[in-house]
Amino acid sequence: MNIHDANRISIHEILAKLNLVPKKSQSTKFWYLSPFRNEKTASFQVDLKTNRWYDYGEGFGGDVVDFVCNYLKHHKEAYSKSDALRWIKNMSDDSVNLLNITPIIPNSDKDDQALIFKKSGAIKHLGLINYLNKRGIPLSIAQKHLKEVQVLNKVTNRKIIALGLSNEEGGYELRNPLFKGCIAPKAISFIRGEIPKPQSISIFEGFMDYLSFISQMNGKPLKSDAIILNSLSCLSQINAFIRGYGYDHVYTWMDNDQAGQNATKMLDNFFNTQEGIIHKPMNKVYAPYKDVNEWHMSKQ
8 MNIHDANRIS IHEILAKLNL VPKKSQSTKF WYLSPFRNEK TASFQVDLKT
58 NRWYDYGEGF GGDVVDFVCN YLKHHKEAYS KSDALRWIKN MSDDSVNLLN
108 ITPIIPNSDK DDQALIFKKS GAIKHLGLIN YLNKRGIPLS IAQKHLKEVQ
158 VLNKVTNRKI IALGLSNEEG GYELRNPLFK GCIAPKAISF IRGEIPKPQS
208 ISIFEGFMDY LSFISQMNGK PLKSDAIILN SLSCLSQINA FIRGYGYDHV
258 YTWMDNDQAG QNATKMLDNF FNTQEGIIHK PMNKVYAPYK DVNEWHMSKQ
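The sequence shown runs 8 to 307 under my numbering.
And the structure:
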């Protein structure tokens, strides 16, 4: 078996052989719990049309061979491409389908290109309000930061109504109880604090974590600045918002899972190169809970 043949095997079927089943689907996109770490929210996406995968928790993806290399590495086995091809050949049989797939160059925004912005406004939809209540976020706090956003999926021709947080590139990060997506381009969100030129900044993974922290402060806005990553794949975007802005402390609120630990380590390495900046991971505040929102909900 060569790389071309291996990449024509359905990732969906390989995952099934590993006893992994999708937690949700949307059109040709299937979401799984990541095979690379323990998590409660599915962040590993497979596109049946392109036969490619992307792990939003880790910030990388690829084709079938890339997946197997990472899978073998995760299980502390030899993980060269030759090792991956041997593994694929051993697990393959007549029931594994070869797909006719045109290679597609990876695009970080490919999963959200089908969403067309229609309109936005104040949060009024009862389903969204109930969703906020379940996550422990008062509507009064959400209204200050989020919009009710309506988008159209041009592939399915279905309307989607979701909570939306605008980002620094003109897109929106979208959430509702059954949907997680983005109006491209995907980017971080920067929130200015109440104090001009503050000495500190906080970095959160997602907007629910940020809103949870504000809720814990009884709705009082942060005096310092804040960045919401919206995805760990956006980590590299923080440089332009931190370098040379006079911050001396950075507080990070990453998830208490492997992806969050990796992100914290990457942030630590970056801040070690920035003179005068002290990095303070805040994970102990919400341990043993997975993230800030889970910790916040435990206090309701």
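Ideal Cβ positions, reconstructed from N, Cα and C, are used throughout, including at glycine.
Determine the contact status of residue i and residue j, defining contact as a CB-CB distance below 7 Å.
| i | j | result |
| --- | --- | --- |
| lysine 154 | glycine 171 | yes |
| proline 205 | aspartate 232 | yes |
| isoleucine 18 | tryptophan 60 | yes |
| glycine 68 | alanine 266 | no |
| methionine 317 | arginine 142 | With the chain represented from 8 up to 307, any question about residue 317 goes unanswered, as that position is not in the structure. |
| serine 219 | histidine 303 | yes |
| phenylalanine 197 | glutamate 175 | yes |
| leucine 274 | threonine 259 | yes |
Compute the Euclidean distance between the alpha carbons of residue i and residue j, then round it to the nearest angstrom.
| i | j | result |
| --- | --- | --- |
| glutamate 282 | lysine 193 | 29 Å |
| methionine 8 | aspartate 262 | 39 Å |
| lysine 297 | lysine 88 | 34 Å |
| lysine 30 | glycine 200 | 37 Å |
| glutamine 52 | alanine 247 | 29 Å |
| isoleucine 221 | glutamine 157 | 25 Å |
| lysine 287 | alanine 270 | 13 Å |
| threonine 48 | proline 184 | 12 Å |
| valine 299 | leucine 239 | 16 Å |
| methionine 289 | leucine 92 | 42 Å |
| lysine 227 | valine 162 | 41 Å |
| tyrosine 293 | asparagine 97 | 44 Å |
| glycine 22 | serine 147 | The amino acid occupying residue 22 in the given sequence is leucine; glycine does not appear at that position. C-alpha separation (whole angstroms): 42 Å. |
| glutamine 244 | histidine 132 | 32 Å |
Going by Cα to Cα distance, which pick from the options is closest to residue i?
| i | options | result |
| --- | --- | --- |
| glycine 134 | Ser147, Pro145, Ala169 and Gly128 | Ala169 |
| asparagine 58 | Trp260, Val72 and Ile195 | Val72 |
| tryptophan 38 | Leu274, Gly188, Phe277 and Phe278 | Gly188 |
| asparagine 26 | Leu40, Gln33 and Arg15 | Leu40 |
| isoleucine 6 | Val75, His303, Tyr179 and Phe277 | With the chain covering 8 to 307 only, the question about residue 6 has no answer from this structure. |
| isoleucine 123 | Arg93, Asn160, His132 and Lys96 | Asn160 |
| lysine 83 | Phe43, Asp62 and Ala121 | Phe43 |
| histidine 256 | Ile285, Ile16 and Phe277 | Ile285 |
| aspartate 70 | Ser50, Asn14 and Glu46 | Asn14 |
| serine 50 | Asn279, Asp275 and Asp264 | Asp264 |
Start-end ranges of the alpha helix (DSSP H) lying completely within the region 249-299, minimum 4 residues
265-278 and 290-293
Can you check the region 60-104 for any alpha helix (DSSP H) of at least 4 residues that lies completely inside it and give the ranges in chain order?
71-81 and 88-98
Ranges of the alpha helix (DSSP H) found wholly within the region 195-245, counting only runs of at least 4:
214-223
In chain order, which continuous runs of the beta strand (DSSP E) of length 3 or greater are located wholly inside the region 111-191?
122-128, 154-160, 165-173, 179-183 and 186-190
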